[in-house]
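All remarks here apply to the structure that follows.
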Amino acid sequence: QRHEGWHPILSFLLGPTLASHGNLELKGYPSVVDAAAALNSGEAPVPKAIARAGYCATFSKRTKAYYALYLEGRREKAAAAFGRSVAKKAKVAEAACLGGA
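Structure below.
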């Protein structure tokens with residue numbers, strides 16, 4: 126299944142702290158689900174840096190951790206920007222979820 130726009134399944138854990146990423150941190154939402162909904166809603170414009178990059182970091186109050194949220198096809202760029210490697214297993218799982226693409 127392909128996901129248009131921002132979708133919480135297109136995310137990965139960054140950890141309990143986040144090094145400064147300036148304009149790529151999306152604040153003000155209690156969860157990845159709420160952040161994705163806000164980015165898709167059109168009620169407020171997507172911050173320019175996040176729109177250009179196609180990814181951002183957001184904090185989950187429930188898990189007390191940061192997550193990278195990204196648009197389809199931007200996983201590797203998000204991982205590199207946040208200093209993470211993309212596991213093969215995660216790539217395979219994402220591809221399966223996205224219909225093998």
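Using this note's numbering, the first residue of the sequence shown is number 126, and each one after it goes up by one. Note that the Cβ used here is the ideal one computed from N, Cα and C, for glycine as well.
Relative to the C-alpha of residue i, which candidate in the options has its C-alpha closest?
| i | options | result |
| --- | --- | --- |
| Lys189 | Leu139, Lys202, Ala162 | Leu139 |
| Thr183 | Gly130, Lys152, Phe137, His132 | Lys152 |
| Lys173 | Glu150, Ser145, Val158 | Glu150 |
| Trp131 | Gly198, Phe207, Gly208 | Gly198 |
| Tyr180 | Glu129, Pro133, Leu196 | Leu196 |
| Asn148 | Ser156, Pro133, Pro155, Ala178 | Ala178 |
| Phe157 | Leu135, Lys202, Gly208 | Note on residue identity: the sequence assigns Val, not Phe, to residue 157. Among Leu135, Lys202, Gly208, the Cα nearest to that of Val157 belongs to Leu135. |
| Ile175 | Pro133, Ala203, Arg209, Glu129 | Ala203 |
| Ser227 | Glu168, Pro155, Ala169 | No information on residue 227 is available, as it lies outside the stretch 126 to 226 that the chain covers here. |
Let me know the secondary structure DSSP gives residue i once reduced to three states.
| i | result |
| --- | --- |
| Gly130 | coil |
| Leu149 | helix |
| Ser166 | helix |
If we count the other Cβ atoms within 10 Å of its Cβ and call it buried at 16 or more, is residue i buried or exposed?
| i | result |
| --- | --- |
| Ala205 | exposed |
| Thr142 | exposed |
| Ala161 | buried |
| Ser145 | exposed |
Span of the beta strand (DSSP E) holding residue i?
| i | result |
| --- | --- |
| Asp190 | Note on identity: in this sequence residue 190 is Ala, with Asp being the wrong assignment. It spans 190-195 - the beta strand (DSSP E) in which Ala190 sits, taken as one unbroken run. |
| Leu143 | Looking at the DSSP string, Leu143 is not in any beta strand (DSSP E), and its letter there is neither H nor E. |
Here's a check: name, in chain order, each residue in its chain whose Cβ is nearer than 8 Å to the Cβ of residue i, leaving out the five neighbours to either side.
| i | result |
| --- | --- |
| Lys216 | Caution is warranted here: a pLDDT of 47 is assigned to Lys216, below 50, making its placement in the model unreliable, and the coordinate value is therefore given only provisionally. Only Arg200 meet the Cβ criterion. |
Among residues of its own chain, excluding the 5 on either side of residue i, which ones have a beta-carbon nearer than 6 Å to its beta-carbon?
| i | result |
| --- | --- |
| Leu164 | Trp131, Val171 |
| Phe137 | Ala193 |
| Phe207 | Leu139, Ala193 |
From which residue to which residue does the alpha helix (DSSP H) around residue i run?
| i | result |
| --- | --- |
| Lys173 | 173-178 |
| Arg209 | It is not in any alpha helix (DSSP H) - Arg209 carries neither H nor E in the DSSP assignment. |
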